[in-house]
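Residue 103 is where the sequence shown starts when you use my numbering, and the numbers rise one by one after that.
Report on one structure; see the data block that follows.
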Amino acid sequence: MGGKSENGKPLAVKWLDAPEEHDYPAAAAYLELLAGPKNVKALVEALRKAPVTHQKAKDILRASGLALLEETNAHVRSDLVKVHKGDKLSPILLVRGDLSSGKVLQVADGYHRVCASYHVDENTDIPVKIADFPARSA
103 MGGKSENGKP LAVKWLDAPE EHDYPAAAAY LELLAGPKNV KALVEALRKA PVTHQKAKDI
163 LRASGLALLE ETNAHVRSDL VKVHKGDKLS PILLVRGDLS SGKVLQVADG YHRVCASYHV
223 DENTDIPVKI ADFPARSA
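Given below as structure tokens:
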């Protein structure tokens, strides 16, 4: 499927202006595996308030340490079908890593969309919202 349309022209991934509402509970469900309820609530609130910026598909995967899923993965394939149809994908929700402590970037929601975008073009500019993990209180 990859980065060419059926007529051989390069594909371009199209994006919504803002994440879909259901992306936030999905992010919370993932983050609950990594953090307590107070931190998850704060992270989701921070994600909602964060501006949309852009990051490259390849950089998101590198910073997160996640493997690129194959085009044959059902969810990646579903997103690639959307791309080929010209449907818009939802922006990605991220929690910033910390280079000094070795914490990697967390893809709170949108891992499959990142992989689909990478398969189209690793240099795809992906709209993202990034939140910082809440500081520990003393």
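C-beta atoms are modelled at their ideal positions from N, C-alpha and C, and glycine is treated no differently.
All values derive from a computational prediction rather than experimental measurement.
Practice problem: Please state whether DSSP places V178 in a helix, a strand or coil. | Solution: Position 76 of the sequence shown, counted from the start, is the residue given in the question as residue 178. The answer is helix: DSSP assigns V178 an H, G or I state.
Self-check item: Residue environment, H214, which counts as buried when at least 16 other CB atoms sit within 10 Å
Solution: Numbered from its first residue, the sequence shown carries residue 214 at position 112. With 16 or more Cβ atoms within 10 Å of its Cβ, H214 is classed as buried.
Quiz item: Near L195, what residues of its chain come up, given a Cβ to Cβ distance below 7 Å and the 5 sequence neighbours on each side ignored?
Solution: Here the question's residue 195 lines up with position 93 in the sequence shown. Closer than 7 Å at Cβ, skipping near neighbours: P121, D125, A129, L149, A210, D211, G212, K231.
Quiz item: Is the stretch 157-165 touching the stretch 137-147, taking contact as three or more C-beta pairs under 8 Å?
Solution: no
Quiz item: Can you tell me the Cα-Cα spacing of H256 and K205, whole angstroms?
Solution: Outside the shown range of the chain (103 to 240) lies residue 256, about which nothing can therefore be said.
Quiz item: Do L191 and R198 have their C-beta atoms within less than 8 Å of each other?
Solution: Here residue 191 refers to the residue found at position 89 when the sequence shown is read from its first residue. Here residue 198 refers to the residue found at position 96 when the sequence shown is read from its first residue. No, they are not a contact pair.
Quiz prompt | Where V206 sits in the DSSP three-state scheme | solution = By 1-based counting over the sequence shown, the position of residue 206 is 104. V206: coil per DSSP, three-state reduction.
Quiz item: What residues in its chain sit with their C-beta under 8 Å from that of T155, if we drop five residues either side in the sequence?
Solution: Your numbering for residue 155 matches position 53 in the sequence shown. The residues are P229, V230, K231, I232.
Quiz item: So, are the CB atoms of V115 and V222 less than 8 Å apart?
Solution: On the sequence shown, position 13 is the one that residue 115 refers to. On the sequence shown, position 120 is the one that residue 222 refers to. Contact: yes.
Quiz item: Should S203 go down as buried or exposed, given a rule of 16 or more other Cβ atoms within 10 Å for buried?
Solution: Looking up residue 203 in the sequence shown gives position 101. Label assigned to S203: exposed.
Practice problem: Could you pull out every residue in the same chain whose Cβ sits closer than 8 Å to the Cβ of W117, ignoring the five residues on either side in sequence? | Solution: By 1-based counting over the sequence shown, the position of residue 117 is 15. Taking W117 as the centre and dropping the five residues before and after it, the same chain places the C-beta of K190, L191, S192, P193, I228, P229 closer than 8 Å to its C-beta, in chain order.
Practice problem: To the nearest angstrom, report how far apart E172 and C217 are at their CA atoms. | Solution: Within the sequence shown, the letter at position 70 stands for residue 172. Within the sequence shown, the letter at position 115 stands for residue 217. Taking the CA atoms as reference points, E172 sits about 8 Å from C217.
Quiz prompt | Residues sharing a beta bridge with A233, DSSP | solution = Locating residue 233 in the sequence shown gives position 131, where the first residue counts as 1. Paired residue(s): V197.
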